[in-house]
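**Student:**
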Amino acid sequence: MLIFSRPLPLSLYIHIPWCVRKCPYCDFNSHQAQSSLPEDLYVAALLQELDSRLPLIQNRPLKSIFFGGGTPSLFSAQAIGGILEGVAKRIAVSGNLEVTLEANPGTIDQPRFRGFRAAGINRLSLGIQSLQDEKLRILGRIHDRASAIQAVARAKEAGFRHFNLDIMYGLPDQSLEDARQDIQTALDLAPTHFSWYQLTLEPNTAFYRQPPPLPSDDAAWEMQLAGQQILSEAGFRQYEVSAYSLPRQECAHNRNYWEFGDYLGIGAGAHSKITDHESGIIRRFSQVRHPKDYLDARKRLNLNTSELREPDIIFEFMLNALRLTQGVPADLFTRHTGLPLQRIEPLLTAARQRELLIEDTENLCPTELGKKFLNNLTEMFLTAS
Numbered sequence: 001m002l003i004f005s006r007p008l009p010l011s012l013y014i015h016i017p018w019c020v021r022k023c024p025y026c027d028f029n030s031h032q033a034q035s036s037l038p039e040d041l042y043v044a045a046l047l048q049e050l051d052s053r054l055p056l057i058q059n060r061p062l063k064s065i066f067f068g069g070g071t072p073s074l075f076s077a078q079a080i081g082g083i084l085e086g087v088a089k090r091i092a093v094s095g096n097l098e099v100t101l102e103a104n105p106g107t108i109d110q111p112r113f114r115g116f117r118a119a120g121i122n123r124l125s126l127g128i129q130s131l132q133d134e135k136l137r138i139l140g141r142i143h144d145r146a147s148a149i150q151a152v153a154r155a156k157e158a159g160f161r162h163f164n165l166d167i168m169y170g171l172p173d174q175s176l177e178d179a180r181q182d183i184q185t186a187l188d189l190a191p192t193h194f195s196w197y198q199l200t201l202e203p204n205t206a207f208y209r210q211p212p213p214l215p216s217d218d219a220a221w222e223m224q225l226a227g228q229q230i231l232s233e234a235g236f237r238q239y240e241v242s243a244y245s246l247p248r249q250e251c252a253h254n255r256n257y258w259e260f261g262d263y264l265g266i267g268a269g270a271h272s273k274i275t276d277h278e279s280g281i282i283r284r285f286s287q288v289r290h291p292k293d294y295l296d297a298r299k300r301l302n303l304n305t306s307e308l309r310e311p312d313i314i315f316e317f318m319l320n321a322l323r324l325t326q327g328v329p330a331d332l333f334t335r336h337t338g339l340p341l342q343r344i345e346p347l348l349t350a351a352r353q354r355e356l357l358i359e360d361t362e363n364l365c366p367t368e369l370g371k372k373f374l375n376n377l378t379e380m381f382l383t384a385s
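Going by the UniProt record's numbering, the sequence shown opens with residue 1, and the numbers climb by one from there.
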């Protein structure tokens, strides 16, 4: 039996599954929007699902709320506000709670930004991806460079002081100088947080079926290093494989994922990880993926459920925690898995001998070599049994 001294931190994820159109690289649960969205029906379904999940979270307060998609900015401010009001009536929330909404620059204007701000959103994540029109066209984005820059300006005018920019590298036919220009132009927009990550070809995407000409692995590695250097010189600290922030601007929601905290996901295709600290059981839940199925209460209430086994718990903790560049305190392993640290000591020793983990018994932190060969490091913990 897993032993927990206290409940784990809890975040809430809310999935809005519609997009204007599906991007050729996207493998998320997103569906092309029709002429109008069933906002009222979907909001009601979200809150009904939340009601049914309340016994699982045992009156725990929320650490963060995150609207992901899809494209949550397709929803009206009234709908987003209705969801947040419904959440606040059901779960304890604090006044300084981080509440993030993902937004597509091609779906938003200043009145909508102001509406989201008034509804309770206090952090934005803008999916810019590139600031070069030709690259945006190849990526299938619905915005161009000018509208991306304008979206950031409108967000600031609406009162948003905390926002993330998603920027990708390793794009089709991208040069090192292209990547440098993207990150430098994005810096000029003065965000507080960056997601700087490599384009990957995922199964069940248009790019996977018909791969575009991508830079070599060595070229992509040079782009990653160049971006890291530019961001570091601008005062951004890399705290996760693809996440960079100004001081005290880390994303609390994503950090909770990486620290193996709990999260409740509601909405079409949403996933949850919930720990019952009294029984010592960790469960995963997943919701039906298609919006039409989700709007059917009979299908919505029939969750896919699984109980995590000890080897899965160990591997998933290390898979997430070792993405953090500064690692985590060693005692977090016990607090968030319910297992004694001695359970993985032989594996930690082996990783240190291979110079993939730092020689520090108080922290679990990858070395520079471990960061470079992170897959090799995390795979060592697949052997736990």
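Think of the CB as a built atom: it goes at the ideal place given N, C-alpha and C, for glycine as much as any other residue.
Apart from the five residues just before and just after GLU250, which ones in its own chain have a Cβ nearer than 8 Å to its Cβ?
**Tutor:** Start at 1 with the first residue of the sequence shown, and residue 250 comes out as number 250. Within the same chain, GLU250 has close Cβ partners HIS193, TYR239 and ALA243.
**Student:** Which value, in whole angstroms, describes the spacing of the CA atoms of ILE91 and GLY82?
**Tutor:** If you number the sequence shown from 1, residue 91 lands on position 91. If you number the sequence shown from 1, residue 82 lands on position 82. Their backbone Cα atoms lie some 14 Å apart in a straight line.
**Student:** Going along the chain, which residues of its own chain have a beta-carbon closer than 7 Å to the beta-carbon of MET380, five neighbours each way excluded?
**Tutor:** In the sequence shown, counting from the first residue as 1, residue 380 sits at position 380. Cβ within range, chain order: LEU347, ALA350 and ALA351.
**Student:** Note down the Cα distance separating LEU199 from ALA179, rounded to an integer number of angstroms.
**Tutor:** Within the sequence shown, the letter at position 199 stands for residue 199. Within the sequence shown, the letter at position 179 stands for residue 179. Annotation: LEU199 to ALA179 spans about 12 Å, alpha carbon to alpha carbon.
**Student:** Would ALA252 and GLU102 qualify as a contact pair, given that the criterion is a beta-carbon distance under 7 Å?
**Tutor:** Along the sequence shown, read from residue 1 onward, the residue named residue 252 stands at position 252. Along the sequence shown, read from residue 1 onward, the residue named residue 102 stands at position 102. No. Outside cutoff.
**Student:** Buried or exposed: ARG53, going by 16 or more other Cβ atoms within 10 Å of its Cβ?
**Tutor:** If you number the sequence shown from 1, residue 53 lands on position 53. Flag for ARG53 reads buried.
**Student:** Within 8 Å, do at least three Cβ pairs link the region 223 to 234 to the region 307 to 325?
**Tutor:** no
**Student:** Per DSSP, which residues does ARG180 bridge with? Please list them.
**Tutor:** In the sequence shown, the residue the question calls residue 180 occupies position 180. Bridge partners of ARG180: none, in fact.
**Student:** Tell me, please, which residues DSSP counts as bridged to LEU124.
**Tutor:** Working through the sequence shown from its first residue, we reach residue 124 at position 124. Note: LEU124 sits in a beta bridge opposite LEU101 and PHE163.
**Student:** Would you mind sorting ARG323 into buried or exposed? The rule is 16 or more other CB atoms within 10 Å of its CB.
**Tutor:** Working through the sequence shown from its first residue, we reach residue 323 at position 323. So ARG323 ends up on the buried side.
**Student:** Answer yes or no: do THR71 and ASN104 have a C-beta to C-beta separation smaller than 7 Å?
**Tutor:** Working through the sequence shown from its first residue, we reach residue 71 at position 71. Working through the sequence shown from its first residue, we reach residue 104 at position 104. Yes, the Cβ-Cβ distance between THR71 and ASN104 is below 7 Å.
**Student:** Contact between the region 156 to 163 and the region 202 to 211 is defined here as three or more beta-carbon pairs at a separation below 8 Å; is this criterion met?
**Tutor:** Verdict: no, contact absent.
**Student:** Less than 6 Å between C-beta atoms, sequence neighbours within five positions excluded: which residues of the same chain meet that for THR325?
**Tutor:** Reading the sequence shown from its first residue, position 325 is the one you call residue 325. If we look at THR325 and ignore the five residues flanking it on each side, its Cβ neighbours are GLN238 and TYR239.
**Student:** Here's a check: name, in chain order, each residue in its chain whose Cβ is nearer than 8 Å to the Cβ of GLU259, leaving out the five neighbours to either side.
**Tutor:** The count along the sequence shown starts at 1 and reaches residue 259 at position 259. For GLU259, same chain residues with a beta-carbon under 8 Å away, outside a window of 5 residues either side, are PRO9, ASN320, ALA321, LEU324, VAL328, LEU332 and HIS336 in chain order.
**Student:** Rounded to whole angstroms, what is the Cα-Cα separation between PRO247 and LEU264?
**Tutor:** Along the sequence shown, one-based indexing puts residue 247 at 247. Along the sequence shown, one-based indexing puts residue 264 at 264. Cα to Cα, the separation comes out at about 28 Å.
**Student:** Taking the CB atoms as reference points, tell me whether ILE16 and GLY69 lie closer together than 7 Å.
**Tutor:** Mapped onto the sequence shown, residue 16 falls at position 16. Mapped onto the sequence shown, residue 69 falls at position 69. In this structure, ILE16 places its C-beta atom within 7 Å of the C-beta atom of GLY69.
**Student:** Just the C-alpha distance for PRO55 and GLY261, rounded to the nearest angstrom, thanks.
**Tutor:** The residue labelled residue 55 in the question sits at position 55 within the sequence shown. The residue labelled residue 261 in the question sits at position 261 within the sequence shown. Computed Cα separation, rounded: 18 Å.
**Student:** Report, in whole angstroms, the separation of the C-beta atoms of LEU131 and THR205, which I expect to be a contact under 8 Å.
**Tutor:** Counting from 1 along the sequence shown, the entry for residue 131 is found at position 131. Counting from 1 along the sequence shown, the entry for residue 205 is found at position 205. Incorrect: roughly 23 Å between the Cβ atoms, too far for contact.
**Student:** Could you check whether GLY338 and residue 474 sit closer than 7 Å to each other, using their CB atoms as the reference points?
**Tutor:** With the chain represented from 1 up to 385, any question about residue 474 goes unanswered, as that position is not in the structure.
**Student:** Whose CA, out of ARG300, LEU126, ASN256 and VAL93, lies closest to the CA of residue 419?
**Tutor:** Limits of the chain in this structure are 1 at one end and 385 at the other, which puts residue 419 out of reach.
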